[in-house]
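Some notes on the structure that comes next.
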Amino acid sequence: QVQLVESGGGLVQAGGSLRLSCAASGSISSINTMGWYRQAPGKQRELVAQITSGDRINYADSVKGRFTISRGNAQNTVYLQMNSLKPEDTGVYYCNFNNWLQPYWGQGTQVTVSS
């Protein structure tokens, strides 16, 4: 069973930066989208950023201009560079890959932004 492994979360002060990484433990064929979601306490999981196989990128309005999603040189890796972090960016961040068969999810990494 292929797993997505995330890293890079942590505690940072407002205005700071973090870089999240996600790598698949094995090969996943025909990936359509790679992305990041987050879930704040008491809220639903929401899409933060997504990149398609055709390199089309979507961002949540709340992170535009501050976050950047990118592919890694290694196959099946994706990054999320988060700058100018705000307390409202706090939550558990989940990596997500989708192909025509199923979605894949990481276990989540905690991001906490202090004011």
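Remember, my numbering sits 2 above the position in the sequence shown when you count from 1.
We put the CB at the ideal spot given by N, CA and C, even for glycine.
Return the chain-ordered list of same chain residues with a C-beta closer than 6 Å to the C-beta of residue i, the five sequence neighbours on each side being excluded.
i: Thr-54; result: Thr-35
i: Gln-52; result: Thr-35, Gly-37, Asn-60
Could you pull out every residue in the same chain whose Cβ sits closer than 7 Å to the Cβ of residue i, ignoring the five residues on either side in sequence?
i: Gln-112; result: Gly-11, Val-94
i: Thr-136; result: No answer is possible for residue 136: the residues shown for the chain start at 3 and end at 117.
Per DSSP, which residues does residue i bridge with? Please list them.
i: Trp-38; result: Ala-51, Cys-97
i: Val-115; result: Val-14
Would you call the CB atoms of residue i and residue j closer than 8 Å?
i: Ala-25; j: Val-4; result: no
i: Asn-98; j: Ser-29; result: no
i: Leu-6; j: Gly-108; result: yes
Tell me where the beta strand (DSSP E) around residue i begins and ends.
i: Leu-22; result: 20 to 26
Do the stretch 101 to 111 and the stretch 84 to 91 touch if we need at least three Cβ pairs shorter than 8 Å?
no
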